[in-house]
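Residue numbers (the numbering used here): -16 to 152. Idealized CB from N, CA, C, for every residue including glycine. Each remark here refers to the structure printed beneath this line.
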């Protein structure tokens, strides 16, 4: 709420503690600063959204990849429409947390794929980094269009491209 009202940069710890009806000592017992709180919230928000569609140990499959892309699109869209667009600091912190979560999922999927098919020429962590950045970037471009097509339509368009990343593994 505060980010939508004031923008992330203008928010103080005092604003947060007042809105949450807690004292500053309680805040600092859990978080270093407002950046730490934001990173935690972004990470948990995205994890929870993913958990609603995928189990933590969900294997790679076309359906699981499609569900992950749909969740990503929904989260990116929510962030885009409910936050002050000029707040680059907030946007960067949110982006980093989401890409980190994508990276973890893709790394797990790629490693399992490599174990099943033998070693690949490209390390799983590099493959995961490239894919997570590409997927996030595609969703950012989609949501920034003046009139984006429906998310499921967009996901169906990008799915073959992303699946291509899994083929050499």
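Once the 5 residues before and after residue i are set aside, which same chain residues still bring their CB inside 7 angstroms of it?
i           : result
residue 107 : 90, 93, 94 and 97
residue 76  : 18, 21, 22 and 25
residue 27  : none
residue 10  : -4, -1 and 0
Can you find the residues in the same chain that come closer than 6 angstroms, C-beta to C-beta, to residue i, ignoring five residues on each side of it along the sequence?
i           : result
residue 125 : 131 and 137
residue 36  : 50 and 54
residue 32  : 54 and 58
residue 111 : 86, 89, 90 and 93
Check whether the Cβ atoms of residue i and residue j lie closer than 8 angstroms to each other.
i           : j           : result
residue 145 : residue 48  : yes
residue 2   : residue -15 : yes
Which residues in the same chain as residue i place their Cβ atom closer than 8 angstroms to its Cβ, once the five residues preceding and following it in sequence are excluded?
i           : result
residue 119 : 55, 59, 78, 81, 82 and 85
residue 6   : 0
residue 135 : 53
How many angstroms separate the CA atom of residue i from the CA atom of residue j?
i           : j           : result
residue 152 : residue 87  : The predicted model places residue 152 with a pLDDT of 44, which falls under 50 and marks its position as unreliable; any figure quoted below should be read in that light. Using only the alpha carbons, I get a separation of about 17 angstroms.
residue 43  : residue 133 : 24 angstroms
residue 15  : residue 142 : 39 angstroms
residue 71  : residue 38  : 32 angstroms
residue -7  : residue 105 : 43 angstroms
residue 113 : residue -12 : 34 angstroms
residue 74  : residue 121 : 15 angstroms
residue 40  : residue 34  : 10 angstroms
residue 140 : residue 8   : 49 angstroms
residue 116 : residue 12  : 33 angstroms
residue 29  : residue 129 : 25 angstroms
residue 123 : residue 61  : 11 angstroms
residue 64  : residue 109 : 31 angstroms
residue 127 : residue 147 : 25 angstroms
The alpha helix (DSSP H) spanning residue i covers which residue range?
i           : result
residue -3  : -4 to 3
residue 19  : 17 to 34
residue 109 : 107 to 127
residue -12 : -15 to -11
residue 10  : 7 to 13
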